[in-house]
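Quick note on this note's numbering: the sequence shown kicks off at 7 and runs consecutively. Here the structure comes first, spelled out in structure tokens, and everything after it is commentary.
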Amino acid sequence: MRFVTPRAKTPPISFWMNMKPTTLSSDQQIRWVARRMEARLRREMPQQWGTAIDIVMPKKPVASAIGAEWSRWDIERVDAMRAFEWEHHDILHWAVDDGEVCARARRCAGTVDDMLNGHALPMSRQDRLDVVLDYCDRVGVDKPVAQTPEGLIARALNEQWWRRALRRKVARTVELAAIKLAVVHHKNGGYASDEACRRRIDQNQRNADLLKRVKMRNEAGQVYSLAELAALSPSNRDIRRGELMTRIRGCEEYADANGHQGLFLTLTCPSRYHAVLSGGKSRWAKPRKNDKFEGDSPRDAQKWLCNMWAKARAKMARKGIQAYGFRVAEPHHDGCPHWHALLWFHTPEQAQQAQQIISGYWLSDAGDEAGAVRNRCKFIAMTRGGAAGYVAKYVAKNIGAEDGGDVGVGQHTDTIDGFEHVMDTREFKGWQRVDAWASIWGIRQFQAIGQPSVTVWREMRRVTKDQIDRAQLRLDFGDTAAVKAWYACQKFGEGPSAIKASWDRYVRAQGGMCKKRRDWMLRTATRVTEGCTNVYGETITRKTVVGVETRIGHWLVSRRQAWKSCAGEAEQDKAQRAALGRPWTRFNNCTARITREPLRQLTHGDLPWPKVHDTDEILPLASKKPPPAPPAEPIYVIAGERTTFRMPDPGIAAAAALIRQAEVRPPAAAAAVPAPRAIDDIASPEFAAFAARVKAGAARLRALAAASH
């Protein structure tokens, strides 16, 4: 692995004539060197960078030029290519395919292993940590993120971790170089370079092949591939787009029912984040480099937008202004991000105040540059109805169909300086370029603001009807909200008369918009498993979402199947899976293993779990059974009165008196005392043996007392 070291601003002085022995004439050697250098440079760099090479190349002489002009042109070509290669030497080092990335990851993991374990002298933990951090810094990748120093070192020894780190490094380094070279613009594809789109498509293909190979089996014996399971989740683009449309429509219905004011925002970055200008107000204008561009990546521009939004949101919260809606992040034609947001406010006055606050923060940075007031922030007041169509347009064109189609929206177009430009260029569609752009720079495209958890919505769609029936019988606090939310999340019937799921009714069941997380009626039920070990040897606490929890602490379990990997299992058709899915024992319908019902009965008895919504204090465990009550004293009747006093037994009283006399008088005198004849059982042999044992015990007690003194 080669390290990235600081380099001089100009290439070293060397003679290109030394590239080949001087067996040719001077003009022929110059021409040979120029052709070989250009062929090698265009072969090593991405194909789309050819336009950048053409820009730095000197103008070719006319055909009627004499030999001296051609020789001078060849010399200028060599000098331009040497300067370009020197300036972008590190970029060309990282412009490699995925096979080379995997090979470098293997070499990096082996190098770290040799530095840590390839010598006999022991190293302290701090020395090992310093070696790993220094190596990551010299290679140019971000250091591992771990909970412990041992976990950080284990990641640096893992080839899979190096693959992920180097893939991210390669993609972002090469794409940023393409942006700086003005390769990314609407005339050449836009949003992302062709190389970035190829990398993203190859990555998706690798992931799809992996999902098809991995087989999983559930408790019922059904075998699925991960690709089949992923097709039923929001990772499916069709499901993801439909869910977003449902949520947008529900927000609009909630706003119209409550008379809230809608506001559509378009927020952009300062000019220094834009690498390429459109070139002019003409459809055929040629894009040109922006002289104000400072070399920042789209990820840096996204951080600027997030920072400004955090300031504006905090000020709105201080003034009591609440907003809810959606935010969409989109790229400009040169890759710089901008935001579209559809927000609803409680009153028009709050919408006006929010507009002033957002404009103030967005114009606080370079607000005096040309076009900042006109283009940095744009606001459109929404009338009743039709507001969701503004955001739905961006959702439809940025999330393609699962089969690769355009979802019925036609060609992907972008408006630049008032003219529509088609972004479906060459073999890549517009939504593929947007997807590659978001993946490379780690930008979240769609984000909900001020709304309840969508995870609870998804879990409620998996909750079975029998649990809702039991919740209706309990009638506890929170169960009513769970019942309403469940009916809001489900679809009933088919065809035009079907009752569709409603995000509006789900929000009302949760308690409304713009609430804190702890104030909503439902939240996810999480099973916590402590003491787990990950692949890097770290002890972690694993949290798994298993359903929905009400405010009173009741669980509605949604995921009732346990899955295990089953490599080599045979394929199953739909009929076999349906037959295996029928419950043949009560275990399939048992939720006690997930809700921890046996543990609750063991530790809490008939009491419920502690109410986690009310306090964070760790409550002591209640006893399994209440302590037994003291026995009731018997009631006696003495002289006509009811009392708990018990008259002593005459025989026992006489025996006690005899024992006291035996302990006080000497043995001779005690023998002369006549025994009482009034009680017959005292003179019995049994009583005599009992009295002897009592006297022997008294003698031993006196001996022990004397020894202690």
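C-beta atoms are modelled at their ideal positions from N, C-alpha and C, and glycine is treated no differently. Values in this document were obtained by computation on a predicted structure and should not be read as measured data.
ALA694 sits exposed, since fewer than 16 C-beta atoms from the chains shown fall within 10 Å of its C-beta. GLU165 and ALA115 have their C-alpha atoms roughly 5 Å apart. Following the DSSP letters along the chain, one finds PHE332 inside the beta strand (DSSP E) bounded by residues 329-337. The three-state secondary structure of GLU555, taken from DSSP, is strand.
Taking ALA109 as reference, the option from LEU172, GLN438, ASP133 with the minimal CA-CA separation is LEU172. Comparing C-alpha distances from SER77 to each of ALA357, ASP33, TRP447 shows the shortest one belongs to ASP33. Between SER284 and TRP55, the alpha-carbon positions lie close to 19 Å from each other.
Around the beta carbon of LEU273, 16 or more other beta carbons lie within 10 angstroms, which makes this residue buried. Taken through DSSP and simplified to helix, strand or coil, ALA376 comes out as coil. Take ALA442, set aside five residues on each side of it, and the residues of its chain with a beta-carbon closer than 6 Å to its own are ALA198, ALA202, CYS203, ARG206, in chain order. Secondary structure of CYS538 (DSSP, three-state): strand. Secondary structure of PHE299 (DSSP, three-state): coil. For GLU433, the secondary structure class from DSSP, reduced to helix, strand or coil, is coil. Taking C-beta atoms under 8 Å as the contact rule, ALA507 and THR252 qualify, at a distance of about 6 Å.
One alpha carbon belongs to PHE90, the other to MET51, and they sit about 11 Å apart.
The three-state secondary structure of TYR141, taken from DSSP, is helix.
Beta-bridge partners of TRP350 (DSSP): GLY268, TYR330. Its chain contains ARG247, LEU250, MET251, ILE254, VAL334, PHE452 as the residues whose beta carbon lies nearer than 8 Å to that of VAL401, once the 5 sequence neighbours on both sides are disregarded; these appear in chain order. Closest by C-alpha distance to VAL190, out of ARG294, PRO276, ILE455, is ARG294. Counting along the chain, THR486 sits inside the alpha helix (DSSP H) bounded by residues 485-495. For ARG557 and ALA491, the gap between their C-alpha atoms comes out near 13 Å. Look at the segment 187-230 and you find these whole runs of beta strand (DSSP E), each 3 residues long or longer: 221-223.
ALA568 has its alpha-carbon roughly 19 Å from the corresponding atom of GLU577. In this structure, the beta-carbon distance from LEU122 to ARG134 falls below 8 Å. For VAL428, the three-state secondary structure derived from DSSP is strand. Below 8 Å, too few C-beta pairs join the segment 499-519 and the segment 539-546 to call them touching: fewer than three.
For MET466, the uninterrupted alpha helix (DSSP H) run begins and ends at 460-466, by DSSP. Within the same chain, ALA86, PHE90 come within 6 Å of VAL62 by CB-CB distance, once the 5 residues on both sides are set aside. THR545 is positioned such that its CB atom lies no closer than 8 Å to that of VAL534. Counting C-beta atoms within 10 angstroms of its own C-beta, ARG467 has fewer than 16 neighbours from the protein chains shown and is therefore classed as exposed. The shortest C-alpha to C-alpha distance from LYS193 to any of MET429, GLU433, PRO458 is the one to MET429. Looking only at GLN361, GLY196, SER277, the smallest Cα-Cα distance to ASP371 is reached by SER277.
For THR389, the number of other beta carbons within 10 angstroms of its own is below 16, and it is reported as exposed. Residue pairing of ALA531 in beta bridges, as defined by DSSP: GLY553. Two segments are said to touch when three or more pairs of C-beta atoms, one from each, lie closer than 8 Å; by this definition the segment 305-323 touches the segment 353-373.
Of the candidates PRO240, TRP168, VAL282, VAL282 places its Cα closest to the Cα of LYS186.
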